[in-house]
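Below: one structure, written as structure tokens.
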Amino acid sequence: MGRFLNPGNKAFQKTLKSEIYVDKTMLLAYTNKVIGSDMACICNSRPRRFGKSITANMLAAYYSRGCDSFDMFSTLKVGRLDSFETNLNKYDVIHIDVQWCMMDAGEVQNTVKYINNGILDELIIAYGDVIPDTVKTAYGAMSYINAATGNTFVIIIDEWDVLIRDEANNKELQEEYINFLRGMFKGTEPTKYIALAYLTGILPIKKLKTQSALNNFEEFTMLDAGALASYIGFTDDEVRELCDRYDMDFEEARAWYNGYKLVSHSKYGVKKYAMYSPKSVVEAMLKHKFGTYWNQTETYEALKVYIQMNMDGLKDAVIKMLAGESEKINTGTFENDMTSFATKDDVLTLLVHLGYLTYDSETEEVSIPNREVSKEYLNAISTMDWDEVSKSIKASQKLLESLWNMNGAAVADGIDKAHNEISILRYNDENSLSCTINLAFYSAREYYSIVRELPTGKGFADVCFIPRVSHLDKPAVVIELKYDKNVDGAISQIKSRQYVEALKDYKGNLLLVGINYDKKTKEHQCVIEKWKL
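Residue numbering for the sequence shown follows the numbering used here, starting at 149 and increasing by one per position.
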């Protein structure tokens, strides 16, 4: 058992001994299906703290002939499959953590040489009799081993993109790394000695040179997770089970950590997932407290770097998304690195890969996934020159209290201020008016699930605030928006179209709110009624 060659199963065993382990071993059903085929080269990118290393350790423990992992996996989901033992501990596994290698190499410039020589030394120890002395590369040694023994390899590279991300300006090192990847994976010879290749990191395969080295890889990303969608993050059912076990409010967990939209297409149809940040869910359960955990290893400064870029329309897009809206983007121009930005869409696409946004592949829109991530935006904005946004959000709690107190004049005045202070909030219809309302009432997210166009008796209510279970003391709210019309007509519409039917469980604790914007006076009017049967 070596550091690179057949590292064993101890790393994954530690994961299984954790207080919380969510079984994702059915990923092995997919890798077992493609192993030894033309689809056996996989690049699975996902954000930090989304279980990349745990997955890499799981693959190493399952496939490595350097250990016996039957007992470890037989009690897990993959152990129920008829094919469970077919590939169990049958391959020589090479497992590389590029991040660790970069640190242990002493100088970053030595990283590729460190990786190559480390693997080669261990291959010589195991198969020295079939590797000529003239061989200087790890992939050359694997070729000789395969030719002499017929053995094939499972190659797992964790943090494969760290040299692309962190050493973007180190052209010499990047060229050396790309050549190493090309030798390892490109051409006819690697198809002989590779049974399975699994790369995991944050970024997809970089276009241009790196793509030419890895264009035989099947990619699974936060833009298109494909068949691996259910293994990236936690599902609703998995989080619900944890909430039951730890006596935590599932609805609060959903508001805090859910929202990463992933889609899987198969012959059985399209399956949609709204995934949770796994690190955050685990921390919340163990600490019995909802809070911001996902990005503890990286401060809001990382987000700040990108959202303050001087890209046309970028600031407006971020403000729009803070208001709960989505932004249409083109992901096709993104160069899959952290330095090449031509448009705001490139920045927003990167934020999807980093986990700060989620992407809806059906609408081609991005949005902020959940409350935890939204707080990271607020932290970043509070240290930037976006004073008007910070002011509006700080004022939102007072505005919400005015709503609860049924003070229509104060609500109208607060919305006026939000509208006038933020340049993006210029509108000419009811749809754009809703952006103002959602940002002005930003604090409502502390207590409510906010639903746009909620299906009701005879149509759709424009905006509804539905109290979450832990905040049932707050009134539910139905808001009807009007543009240059009669504000009293908004309340009448709520009643005549039976919008309240959708929230009938809140009778006696439901506010009907009509809001109108007057084009001539450039002011809002607000009428609030308490609904009772």
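Just so it is clear, CB atoms sit at the ideal spot from N, CA and C, and this is done for glycine as well. Treat the numbers as computed from the prediction; the structure is a model and nothing was measured.
Let me check one thing: in DSSP terms, what residues is residue i bridge-paired to?
| i | result |
| --- | --- |
| Asn664 | Lys630, Gln673 |
| Pro426 | DSSP, once it has assigned bridges, lists no residue as partnering Pro426. |
| Val413 | Note that residue 413 is His in the sequence shown here, rather than Val. In the DSSP output, where bridge partners are listed per residue, His413 has Val418. |
| Glu139 | Absent from the structure is residue 139, since the part of the chain shown begins at 149 and ends at 681. |
| Val625 | Phe613, Leu659 |
| Ala345 | Cys189, Ile303 |
| Val599 | Cys612 |
| Lys476 | Glu513 |
| Ser212 | Tyr239 |
| Phe398 | For Phe398, which the question treats as bridged, DSSP gives no partner whatsoever. |
| Phe382 | Tyr424 |
I'd like to check one pair, residue j with residue i: are the Cβ atoms closer than 9 Å?
| i | j | result |
| --- | --- | --- |
| Ile663 | Val626 | no |
| Phe382 | Val411 | no |
| Ile202 | Leu434 | no |
| Gly254 | Arg313 | no |
| Pro121 | Tyr287 | The structure shown does not extend to residue 121, since the chain is modelled only from 149 through 681, so no value can be given for it. |
| Ile455 | Glu513 | no |
| Asn484 | Lys355 | yes |
| Leu362 | Tyr239 | no |
| Glu520 | Ser425 | yes |
| Ser515 | Tyr590 | no |
| Leu587 | Ala566 | yes |
| Asn180 | Thr234 | yes |
| Thr497 | Leu371 | yes |
| Arg213 | Val182 | no |
| Cys249 | Asn154 | no |
| Val387 | Ala401 | yes |
| Cys583 | Lys427 | no |
| Ala204 | Ile273 | no |
| Cys612 | Ala650 | yes |
| Arg645 | Ile380 | no |
Quick check on this structure: which residue in the options has the alpha carbon closest to the alpha carbon of residue i?
| i | options | result |
| --- | --- | --- |
| Asp186 | Glu255, Tyr341, Phe160 | Tyr341 |
| Leu271 | Phe301, Leu236, Lys468, Ile585 | Phe301 |
| Lys492 | Leu502, Asp485, Asp460, Ser509 | Asp460 |
| Ala450 | Gly407, Leu651, Arg196, Tyr178 | Arg196 |
| Glu367 | Tyr379, His672, Tyr346 | Tyr346 |
| Asp309 | Tyr325, Ala375, Tyr211, Lys565 | Tyr325 |
| Pro517 | Asn192, Asp464, Tyr421 | Tyr421 |
| Trp679 | Ala624, Lys670, Val182 | Ala624 |
| Arg616 | Ser591, Phe333, Asp397 | Asp397 |
| Gln641 | Asp535, Glu677, Ser540 | Glu677 |
| Val278 | Ala209, Ala296, Asp564 | Ala296 |
| Val246 | Phe232, Val283, Tyr211, Phe328 | Phe328 |
| Met290 | Leu311, Leu376, Ile267, Ile304 | Ile267 |
| Leu207 | Arg228, Ile563, Ile244, Asp230 | Ile244 |
| Leu229 | Asn294, Leu175, Val675 | Leu175 |
| Ala465 | Lys415, Val537, Asn299 | Val537 |
| Lys409 | Gly503, Gly150, Ser231, Lys668 | Gly503 |
| His501 | Gly562, Asn192, Trp404 | Asn192 |
| Glu399 | Lys165, Thr531, Arg593 | Arg593 |
| Lys622 | Ser550, Ile263, Thr336 | Ser550 |
| Asp533 | Ser378, Thr479, Glu320, Met457 | Met457 |
Using three-state DSSP, classify residue i as helix, strand or coil.
| i | result |
| --- | --- |
| His567 | helix |
| Ile679 | Note that residue 679 is Trp in the sequence shown, not Ile. Reduced to three states, the DSSP call for Trp679 is strand. |
| Gly227 | helix |
| Ala609 | strand |
| Pro338 | helix |
| Val537 | helix |
| Val241 | strand |
| Phe368 | strand |
| Tyr408 | strand |
| Asp219 | helix |
| Glu167 | coil |
| Thr203 | helix |
| Arg194 | coil |
| Phe438 | coil |
| Phe328 | helix |
| Leu236 | coil |
| Leu153 | strand |
| Phe589 | coil |
| Tyr180 | The identity of residue 180 in the sequence shown is Asn, whereas the question assumes Tyr. Three-state result, Asn180: helix. |
| Lys162 | helix |
| Ala316 | coil |
For chain D, is any of its Cβ atoms less than 9 Å away from the one on residue i?
| i | result |
| --- | --- |
| Asn327 | Among the protein chains of the structure shown there is no chain D, as only one such chain exists. |
_Runs of alpha helix (DSSP H) wholly within the segment 244–314 (minimum 4 residues, chain order)_ = Whole alpha helix (DSSP H) segments, 4+ residues: 246–252, 259–275, 286–297, 310–314.
*Complete beta strand (DSSP E) runs within the segment 442–469 (minimum length 3 residues, chain order)*: The DSSP assignment places no complete beta strand (DSSP E) segment of no fewer than 3 residues inside the segment 442–469.
*Minimum length 3: unbroken beta strand (DSSP E) runs contained in the segment 478–540*: As far as the segment 478–540 is concerned, its whole beta strand (DSSP E) runs of at least 3 residues are 506–508, 513–515.
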